[in-house]
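Asker: Below: one structure in structure tokens.
Residue numbers (the working numbering): 9 to 488.
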């Protein structure tokens, strides 16, 4: 089967030829004819199956074939198609696909998402667009500012609907649906990698006699991805990851952590080990995320360390390796993670580093995918020695340094006994005796023009501690 046989118009076939595509993927072959006929659709497709083209191509054809509905406002072109995505990266990817496939059609498109200046988006919306790609939160910002009109939307697409529900967007989605024309007056397309009870409930309320398109079994991992597990302690995971990157001669890899802080920490540690790594997660600005992805695609960075949400929508071709540095606590996220490799018919490898406290996560994942993941053992690997943790009291005692400034045991800056004082050092607890005798107290000389320590202004204050374990060095100016 070729794209010619799907009934697509010449402008779309020309754009596909420019992009080098001639044969549709299974999801495209099933979804495109159904959408062209005007049916609602419920599609189950993993990432990397070509689902984006599966809805953008027929969407473009239907909009180009039918004139826009009458618009009471002559100054603004109405939004005719709305595509909702869970993340900024996926929104940008979808909008790029719309522009790529629709470049020979007289249709306009734009994308709106958070983390960037809203004013350029307002300008684009005021000029009018046919196709709007958006994340739910930023779209509602525009609704509140009355810079977008959704009352004449003809086609609605929910891309990666399962992820939007996981991220808590269900209330935002319902608010957006209330602004659209009645469901019978628009075509609704819902794409999801997994089918949960929540997705079924959303489909029942949104879709009108939908056609089911499913190209992989539900909640299934890709058959093109080789999966393996290495058991490791938390302390040895970093060393094991570096060892595998070197021994397996991994060129580039996507490494998943469970938290944003963990992504930053691991990227920094890999840099210390001589491996160029960049983090990407929700706490980083849009420009930082865009730059990190660009560096990774250009080969300037060897490792992209990501959280689950940030990795959604990353369009990375020929990514052979995915590492689960930490297993996700939601089994479906594992399916999404390993779906970043083994895309578009290519093979890939997913390697998970599992610590003892993650065994329950591993069991849930294997239950979901109905498969036992192969266990592997590494050879010629010796983790670096890690110092045994000291008891809490000893560990805290080593942090305390005597100080000549007020603070610590109740004086001066009001800090607690076990917290840093004004200059960043730690003071001695009240119940700990000094290990060396206190030196004799030396009064501090008064500054010219200031009151002395015995003045009325200082009466009632506690005197500063007059002992010090080591002499204080004069502090340099902050602008030195």
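Note that the Cβ used here is the ideal one computed from N, Cα and C, for glycine as well.
#1: Could you give the DSSP three-state label for residue 129: helix, strand or coil?
#2: Could you spell out where the alpha helix (DSSP H) holding residue 280 opens and where it closes?
#3: How big is the Cα-Cα spacing for residue 16 and residue 23?
#4: Would you kindly report the start and end of the unbroken alpha helix (DSSP H) that includes residue 285?
#5: Excluding sequence positions up to five away, which residues of its chain have a Cβ less than 6 angstroms from the Cβ of residue 331?
#6: Roughly how many angstroms separate the alpha carbons of residue 122 and residue 317, rounded to a whole number?
#7: With a cut-off of 8 angstroms on the beta carbons, I'd call residue 333 and residue 249 a contact; round off their distance for me.
#8: In the DSSP assignment, find the unbroken beta strand (DSSP E) run with residue 329 in it and report its ends.
#9: DSSP three-state label for residue 46, please.
#10: Excluding five sequence neighbours on each side, which residues of the same chain lie with their C-beta closer than 7 angstroms to the C-beta of residue 124?
#11: In angstroms, rounded to a whole number, what distance separates the CA positions of residue 238 and residue 148?
#12: Determine the burial state of residue 257: buried for a count of at least 16 other Cβ atoms within 10 Å of its Cβ, exposed for fewer.
#13: What separation, rounded to the nearest whole angstrom, lies between the Cα atoms of residue 190 and residue 100?
#14: State the Cα-Cα distance for the pair residue 251 and residue 389, rounded to the nearest angstrom.
#15: Sort 280, 289 and 92 by Cα distance to residue 270 and report the nearest one.
#16: Does residue 23 come within less than 9 angstroms of chain C when only Cβ atoms are used?
#17: Over the uninterrupted beta strand (DSSP E) stretch that includes residue 357, give me the two end residues.
#18: What residues in its chain sit with their C-beta under 8 angstroms from that of residue 10, if we drop five residues either side in the sequence?
#19: Can you give, in chain order, each stretch of the alpha helix (DSSP H) that sits fully within the stretch 93–178 and has at least 4 residues?
#20: By the three-class DSSP mapping on this structure, what secondary structure does residue 196 have?
#21: With respect to the alpha helix (DSSP H) encompassing residue 68, which residues constitute its N-terminal and C-terminal limits?
#22: Label residue 150 either buried or exposed according to how many other C-beta atoms from any shown protein chain fall within 10 Å of its C-beta, with 16 as the threshold for buried.
#23: Should residue 220 be labelled buried (16 or more other beta-carbon atoms within 10 Å of its own) or exposed?
#24: Output the distance between the C-alpha atoms of residue 57 and residue 242, rounded to the nearest integer angstrom.
#25: If I'm right that residue 328 touches residue 376 with Cβ under 8 angstroms, what's the distance once you round it to whole angstroms?
#26: Taking all protein chains shown into account, do 16 or more other C-beta atoms lie within 10 angstroms of the C-beta of residue 128, making it buried, or fewer, making it exposed?
#27: Hey, residue 143 and residue 120: beta-carbon distance below 9 angstroms or not?
#28: Would you mind stating whether residue 197 and residue 207 have Cβ atoms separated by less than 9 angstroms?
#29: Can you tell me whether residue 342 is helix, strand or coil according to DSSP?
#30: Which term fits residue 356, buried or exposed, when burial requires 16 or more other beta carbons within 10 angstroms of its beta carbon?
#31: Could you check whether residue 54 and residue 285 sit closer than 9 angstroms to each other, using their CB atoms as the reference points?
#32: I need the DSSP call for residue 17, collapsed to helix, strand or coil.
#33: Identify which residue in 350, 259, 162 and 335 has its Cα closest to the Cα of residue 311.
#34: Using the C-alpha atoms, what's the distance from residue 283 back to residue 273?
#35: Under 8 angstroms from any heavy atom of the ligand MN, does the C-beta of residue 66 make it?
#36: Does DSSP put residue 232 in a helix, in a strand, or in coil?
Answerer: From the atom records:
#1: One-based indexing of the chain shown puts residue 129 at position 121. In the structure shown, residue 129 sits in a helix (DSSP, three-state: H, G or I).
#2: Residue 280 sits at position 272 when you count from the first residue of the chain shown. From DSSP, the alpha helix (DSSP H) with residue 280 extends over 268–280.
#3: Numbered from its first residue, the chain shown carries residue 16 at position 8. Numbered from its first residue, the chain shown carries residue 23 at position 15. One C-alpha to the other measures close to 11 angstroms.
#4: Translated into the one-based positions of the chain shown, residue 285 becomes position 277. Segment 285–288 is the beta strand (DSSP E) holding residue 285; no alpha helix (DSSP H) there.
#5: Here residue 331 refers to the residue found at position 323 when the chain shown is read from its first residue. So the qualifying residues of the chain are 261, 263 and 359.
#6: Taking the first residue of the chain shown as 1, we reach residue 122 at position 114. Taking the first residue of the chain shown as 1, we reach residue 317 at position 309. For residue 122 and residue 317, the distance between alpha carbons rounds to 14 angstroms.
#7: Here residue 333 corresponds to residue number 325 of the chain shown, with the count starting at 1. Here residue 249 corresponds to residue number 241 of the chain shown, with the count starting at 1. At roughly 6 angstroms, the Cβ-Cβ gap stays under 8 angstroms, so residue 333 and residue 249 are in contact.
#8: Residue mapping note: residue 329 aligns to position 321 of the chain shown, counting from 1. Counting along the chain, the beta strand (DSSP E) containing residue 329 begins and ends at 329–332.
#9: Counting from one through the chain shown, the residue named residue 46 turns up at place 38. Three-state result, residue 46: coil.
#10: As a working note, residue 124 is residue 116 in the chain shown. Excluding residues within five positions, the ones whose Cβ falls inside 7 angstroms are 294.
#11: If you number the chain shown from 1, residue 238 lands on position 230. If you number the chain shown from 1, residue 148 lands on position 140. Using only the alpha carbons, I get a separation of about 44 angstroms.
#12: Indexing the chain shown from 1 puts residue 257 at position 249. The residue is exposed, with fewer than 16 neighbouring Cβ atoms inside 10 Å.
#13: Sequence index remark: in the chain shown, residue 190 carries index 182 (1-based). Sequence index remark: in the chain shown, residue 100 carries index 92 (1-based). So the alpha carbons of these two residues sit roughly 28 angstroms apart.
#14: For this step, residue 251 is matched to residue 243 along the chain shown. For this step, residue 389 is matched to residue 381 along the chain shown. Cα-Cα distance, rounded: 7 angstroms.
#15: Translated into the one-based positions of the chain shown, residue 270 becomes position 262. When each option's Cα is compared against that of residue 270, the closest is 289.
#16: Going by chain labels, chain C is absent from the structure shown, which holds only one protein chain.
#17: For the purposes of this step, residue 357 is identified with residue 349 of the chain shown, where counting begins at 1. From DSSP, the beta strand (DSSP E) with residue 357 extends over 356–362.
#18: Walking along the chain shown from the start, residue 10 turns up at place 2. Cβ neighbours of residue 10 beyond the five flanking positions: 30, 31 and 32.
#19: 96–109, 127–135, 144–152 and 169–174
#20: Counting from 1 along the chain shown, the entry for residue 196 is found at position 188. It is a strand residue.
#21: Within the chain shown, residue 68 is the residue found at index 60, counting from 1. Per DSSP, residue 68 belongs to the alpha helix (DSSP H) from 59–73.
#22: Residue 150 sits at position 142 when you count from the first residue of the chain shown. Looking at its Cβ environment, which holds 16 or more other Cβ atoms inside 10 Å, residue 150 is buried.
#23: Mapped onto the chain shown, residue 220 falls at position 212. Per the 10 Å Cβ criterion, exposed.
#24: Position 49 of the chain shown, counted from the first residue, corresponds to residue 57. Position 234 of the chain shown, counted from the first residue, corresponds to residue 242. Rounded to the nearest whole angstrom, the CA to CA distance from residue 57 to residue 242 is 34 angstroms.
#25: The residue you call residue 328 lines up with position 320 of the chain shown. The residue you call residue 376 lines up with position 368 of the chain shown. Taking 8 angstroms as the upper bound for CB-CB distance, residue 328 and residue 376 are not in contact here, some 24 angstroms apart.
#26: If you number the chain shown from 1, residue 128 lands on position 120. It is exposed - the Cβ of residue 128 has fewer than 16 other Cβ atoms within 10 Å.
#27: Reading the chain shown from its first residue, position 135 is the one you call residue 143. Reading the chain shown from its first residue, position 112 is the one you call residue 120. With respect to the 9 angstroms criterion, residue 143 and residue 120 are classified as neighbours on the basis of their beta carbons.
#28: Your numbering for residue 197 matches position 189 in the chain shown. Your numbering for residue 207 matches position 199 in the chain shown. Against a cut-off of 9 angstroms, the Cβ pair of residue 207 and residue 197 comes out as no contact.
#29: Working through the chain shown from its first residue, we reach residue 342 at position 334. Secondary structure of residue 342 (DSSP, three-state): helix.
#30: For this step, residue 356 is matched to residue 348 along the chain shown. Under this definition residue 356 is a buried residue.
#31: Numbered from its first residue, the chain shown carries residue 285 at position 277. Numbered from its first residue, the chain shown carries residue 54 at position 46. Contact: no.
#32: The residue labelled residue 17 in the question sits at position 9 within the chain shown. Of the three classes helix, strand and coil, the one that applies to residue 17 here is coil, per DSSP.
#33: Numbered from 1 along the chain shown, position 303 holds the residue referred to as residue 311. Among 350, 259, 162 and 335, the Cα nearest to that of residue 311 is on 259.
#34: Start at 1 with the first residue of the chain shown, and residue 273 comes out as number 265. Start at 1 with the first residue of the chain shown, and residue 283 comes out as number 275. Roughly 13 angstroms separates the two Cα atoms.
#35: Ligands displayed in this structure: none; no statement on the ligand MN is therefore possible.
#36: Taking the chain shown and counting its residues from 1, the one referred to as residue 232 is at position 224. In the structure shown, residue 232 sits in coil (DSSP, three-state: anything other than H, G, I, E or B).
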